[in-house]
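Participant: Submitted below is the structure of interest, expressed as structure tokens.
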Amino acid sequence: MTATLNESVHGGATRQAGGLPRLLPPAPEDLRGHVARYGQTPYRGQTGLLIGDIEASGLTGRGGAAFPVYRKLAIVARARGRKVIVANGAESEPASRKDELLLRVAPHLVLDGLQLTAEAVGATEAHLYLHTAPSPEILRALAERSARSVDMLQVTVTQAPPRFLAGQESALVNHLGGGPALPTFAPPRVTERGLGGAPTLVQNVETLAHIALIARYGPRWFRAAGTSAEPGSMLTTVYQPQGHCQVVETEIGAPLRTLLPSGGETQAWLVGGYHGNWLPLPHATSLTLDNAALRQYGAAVGAGVLVALPSDRCGLTEVARVTGYLAAESAGQCGPCLNGLPRIAAGLAELAGRGHRKQVRADVERWAGLVTGRGACSHPDGTVRFVRSALTVFAPEISLHARGQCSATNRRPFLPLPDGIPTSEDDWT
Amino acid sequence: MMSDTLRVNPINCTGHGVCAELLPELVSLDEWGYPIVDPSPVPAVLDREARRAVAACPTLALRLLKSDQPAAPAARPARRAPAW
Amino acid sequence: MSGSTAFWYASRATGIVALLLLTAVFVLGILVNRQGRLPGLPRFAVTGLHKNFSLLAVAFIAVHVLTAVLDTYVSIPLTAGFIPFASGYERLWLSLGAISLDLMIAMIVTSLLRSHLNRVLWRAIHLLAYLSWPVAFAHSIGASKDLQQGWLLYLSIGCALLVGGAVVFRLAHAAREVPRAARVAAVFAEHTASDARSTRRSREKVAR
């Protein structure tokens, strides 16, 4: 599969609405260009002041959970003592490329957001957590800001291990604390007790970029795009059936059909990445990219990964491949997830083969029910969501395979997966 | 009336199964020996048994939490099944 | 029989019972850790007996120490129960008893306060059991000649064999334990193997 990453792409048909693009500049910007376009970093001079604007804006987290941002900020701001803020750029979802792009072309928006949010909650320690080694662009951006004393807090840059769970809040905090990137059970949440025992605010880098803009243009400006329940714009990583991958900024609530094709070249859509939902065509063409609409079909926006699976591939095989990956990426800490996910993956592999035992379908469904809500993190739940929606959408394919047939004419893998699975403790540190 | 809820820390739980023996009304075991805990508040009549089960857990994985504590992962209500 | 001799006999008797109880506590502790069961008993009996026997053992040791102190034939200060080298009489052997008791008290107190303690700390102190029992055993066979002859000698050898066997059992499992990072792969392997077995069985059925 070829994945070409177009850098300067903006929200297609939704461009005219809400003044998009907001986050993605026409060309990657250095500090001077950033200040010329947006002005200086608008520090408020006092903790807490920005939080009211964030609440009025209705901004929700862009890392996948869509939690109201102001609530997290308020919890951490209320806490006493030492506080930590982390810009989460781990982007552990293999199919997502938006954070990596944002950090490359608009690092100063992210870093502004980091400093402004740190001021708002009274953080005294700032981190930037990345999926890969810091890019030259990020290092240059940090150096520029340091040279001009733009930043109030020094930012420590850390690379995450290449694990699916590495971007999970508590796993991230564990890794920053020197341990493996393994989730811990909550309560207490990291906003109560995180890095070194201090309340820790973890925010996706795209969320911080939005904060940097809201701080300048205000909540009313932010609400000019998107829906009233879910305002603003978001970055999506879109995979076309031909294999092209683009990061597109779009307003929330945009019709999915403006982002993904629905013709004969595609057989089904995936919304929300590998913890997301498969949607059948043509039913899904009426849906919009917002949680209120998607929720009715058991789906969610997630971190904005949108895939149009080409018609010439076998959906079952793709799902079995990805589920095998998700199972291998289990932390292996919780009995239900550790036992259930590999079995579910094996069951899917059998369904994707030529002929399968009668009880496999029922087994997979039973195991799916057993793992939901019984892990320390949402990994089993997300995996089950992905699998269950696949079993529904690809039901005709399952029947074909039961008779020893397959509708695919192209055996090349489509959905992207990283190389290698974790085998030793070192893979998690 | 405030009552407590049983929660298992799945990382600490090793599937001993003592909780299911002491509190079968609220805890059952899955096919791998791990506890499935009733998420609703503990009825008053079972309060003492629940505390005994919590004390008996060899890894202290079973806990009684006040009902207003956040559950993790955020126990979302089950979404409606897809219309198709 | 004078009152003094009664105390002395009581001390020796409670000492022997304490050793038996501690042997049981040790073996039960290994069973709890390995999720083992006692035939005919529910799982909570293993954990319950482990905890209750440990408290009972300390009760017997308390009587064991007190009666030894009260006995006037030799002079043993009360402090010798907890503090090594506090007794002139059989200084080394009594010190071992005191050390063992101190370790036991540490294990029991940390277990009673377990929900307030760091898990790693609790476990580290509980591992002192591997030190506490041998030290108690050394005290048992050295502090008086009782266990060095006759049926009490066989009893003490039996206790040592039980504990030794439990330790070997535990170490064997530790050696086979799958590290966390390899657990998922182990489940995959075990599941695929068991699938293959059941597939072979169902295929046989069809062939017939």
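One line per chain: the protein sequences are A, B and C, in this order.
For the record, in the first sequence the residue sitting at position 310 is 310 according to the working numbering, with numbers rising by one throughout.
For the record, in the second sequence the residue sitting at position 12 is 441 according to the working numbering, with numbers rising by one throughout.
For the record, in the third sequence the residue sitting at position 26 is 539 according to the working numbering, with numbers rising by one throughout.
By construction, the Cβ of each residue, glycine as well, lies at the ideal position given by its N, Cα and C atoms.
Remember, predicted model here, so these are calculated numbers, not experimental data.
Taking the runs of the alpha helix (DSSP H) that are 4 residues or longer, which of them lie wholly in the stretch 357 to 408 of chain A?
Facilitator: Qualifying alpha helix (DSSP H) stretches, in chain order: 360 to 371, 379 to 393, 395 to 402.
Participant: From what residue to what residue does the beta strand (DSSP E) around A:Gly89 run?
Facilitator: Counting along the chain, the beta strand (DSSP E) containing A:Gly89 begins and ends at 84 to 89.
Participant: Determine, using beta carbons only, whether B:Ala479 comes closer than 8 Å to chain C.
Facilitator: Judged by the 8 Å Cβ criterion, B:Ala479 is not in contact with chain C.
Participant: Kindly say whether A:Pro413, judged by its beta-carbon, lies nearer than 8 Å to any beta-carbon of chain B.
Facilitator: Taking Cβ atoms only, chain B never reaches closer than 8 Å to A:Pro413, which makes this a no.
Participant: Counting only beta-carbon atoms, is B:Val447 nearer than 8 Å to chain C?
Facilitator: Answer yes: the Cβ-Cβ gap between B:Val447 and chain C drops below 8 Å somewhere.
Participant: Counting only C-beta atoms, is B:Pro470 closer than 8 Å to chain A at any point?
Facilitator: By this cut-off, B:Pro470 is not an interface position.
Participant: List the residues of chain B whose Cβ lies closer than 8 Å to the Cβ of A:Phe442, in chain order.
Facilitator: Residue 442 of chain A falls outside the range modelled here, since chain A spans only 1 to 429, and no answer is possible.
Participant: Check the Cβ-Cβ distances between B:Ala510 and every residue of chain C, and say whether any is below 8 Å.
Facilitator: Unreliable positioning characterises B:Ala510 in this predicted model, as indicated by a pLDDT of 45, which lies under 50. A coordinate reading is not provided.
Participant: Using a C-beta to C-beta distance shorter than 8 Å, which residues of chain C count as neighbours of A:Glu425?
Facilitator: Those are Pro692, Arg693, Ala694, listed as they occur along chain C.
Participant: How do the stretch 93 to 100 of chain A and the stretch 406 to 419 of chain A stand: do at least 3 beta-carbon pairs fall below 8 Å, yes or no?
Facilitator: With a cut-off of 8 Å, the stretch 406 to 419 of chain A and the stretch 93 to 100 of chain A count as touching, because enough Cβ pairs lie within range.
Participant: Considering just the uninterrupted stretch of the alpha helix (DSSP H) at A:Pro280, what are its terminal residues?
Facilitator: Element bounds for A:Pro280: not the alpha helix (DSSP H) but the beta strand (DSSP E), 277 to 280.
Participant: Between which two residues does the beta strand (DSSP E) harbouring A:His127 extend?
Facilitator: Note, A:His127: beta strand (DSSP E), 125 to 130.
Participant: Is the closest heavy atom of the ligand ATP to the C-beta of C:Leu625 under 7 Å?
Facilitator: As presented, the structure is devoid of all ligands, the ligand ATP included, so that no description of it is given.
Participant: If you drop the 5 nearest sequence neighbours on each side, which residues of the same chain put their C-beta closer than 7 Å to that of C:Val538?
Facilitator: Cβ neighbours of C:Val538 beyond the five flanking positions: His563, Phe566, Ser567, Ala570.
Participant: Tell me whether C:Ile589 sits in a helix, a strand or coil according to DSSP, three-state version.
Facilitator: Note: C:Ile589 maps to coil in three-state DSSP.
Participant: What residue does the alpha helix (DSSP H) around A:Thr323 start on, and which one ends it?
Facilitator: Start and end: 315 to 328.
Participant: Beta-carbon of B:Asp467 versus every beta-carbon of chain A: anything under 8 Å?
Facilitator: Judged by the 8 Å Cβ criterion, B:Asp467 is not in contact with chain A.
Participant: Cα separation between A:Ser286 and B:Val474?
Facilitator: Distance between the alpha carbons of A:Ser286 and B:Val474: 51 Å.
Participant: Please report whether the beta-carbon of B:Pro487 lies at a distance below 8 Å from any beta-carbon of chain F.
Facilitator: Absent from the structure: chain F. Protein chains present are A, B and C.
Participant: Show which residues of chain A have a CB atom less than 7 Å away from the CB atom of B:Asp459.
Facilitator: The contacting residues are Pro336, Leu370.
Participant: Beta-carbon of C:Val633 versus every beta-carbon of chain A: anything under 8 Å?
Facilitator: No, C:Val633 lies away from the interface with chain A (no Cβ there is under 8 Å from its Cβ).
Participant: Helix, strand or coil, according to DSSP, for A:Phe414 in the structure here?
Facilitator: Coil.
Participant: Please confirm whether A:Gly272 and A:Val301 have their CB atoms less than 8 Å apart.
Facilitator: Result yes, Cβ atoms of A:Gly272 and A:Val301 sit closer than 8 Å.
Participant: Identify which residue in A:Glu249, A:His283, A:Asn277, A:Trp278 has its Cα closest to the Cα of A:Gly263.
Facilitator: When only C-alpha atoms are compared, the closest one is A:His283.
Participant: May I ask you to verify whether the stretch 375 to 385 of chain A touches the stretch 328 to 340 of chain A, counting CB pairs closer than 8 Å and requiring at least 3?
Facilitator: Yes, the stretch 375 to 385 of chain A is in contact with the stretch 328 to 340 of chain A.
Participant: Nearest-angstrom Cα distance between A:Gly81 and A:Val190?
Facilitator: Spanning the two alpha carbons is a distance of roughly 15 Å.
Participant: Counting pairs of beta carbons, one from the stretch 136 to 154 of chain A and one from the stretch 99 to 115 of chain A, are three or more of them closer than 8 Å?
Facilitator: The stretch 136 to 154 of chain A is in contact with the stretch 99 to 115 of chain A.
Participant: Provide the residue span of the beta strand (DSSP E) that contains B:Lys495, from first to last.
Facilitator: Note, B:Lys495: beta strand (DSSP E), 491 to 495.
Participant: May I ask which residues mark the beginning and end of the alpha helix (DSSP H) holding C:Thr623?
Facilitator: Note, C:Thr623: alpha helix (DSSP H), 604 to 625.
Participant: Assuming B:Ala479 contacts B:Leu455 under a Cβ cut-off of 8 Å, what Cβ separation, rounded to an integer in Å, is found between them?
Facilitator: Correct: roughly 7 Å between the Cβ atoms.
Participant: Is C:Val540 near C:Leu626, with beta carbons less than 8 Å apart?
Facilitator: No.
Participant: Nearest-angstrom Cα distance between A:Ile344 and B:Thr434?
Facilitator: Roughly 30 Å between the two C-alpha positions.
Participant: Decide if the stretch 350 to 366 of chain A is in contact with the stretch 397 to 416 of chain A; the criterion is three or more beta carbon pairs, one per stretch, under 8 Å apart.
Facilitator: Yes, the stretch 350 to 366 of chain A is in contact with the stretch 397 to 416 of chain A.
Participant: What is the DSSP secondary structure of A:Gly226, reduced to helix, strand or coil?
Facilitator: Residue state, collapsed to three classes: strand.
Participant: Below 8 Å CB to CB, which residues in the same chain sit around A:Leu130 once its five sequence neighbours on both sides are set aside?
Facilitator: Counting only Cβ-Cβ distances below 8 Å, and skipping sequence neighbours, we find Gly89, Ala90, Leu103, Ile138, Val157, Thr158, Gln159, Ala160.
Participant: Could you round the C-beta distance between A:Thr323 and C:Ala695 to whole angstroms and report it? I think they count as a contact, below 8 Å.
Facilitator: Contact doesn't hold; Cβ gap of about 20 Å is too wide.
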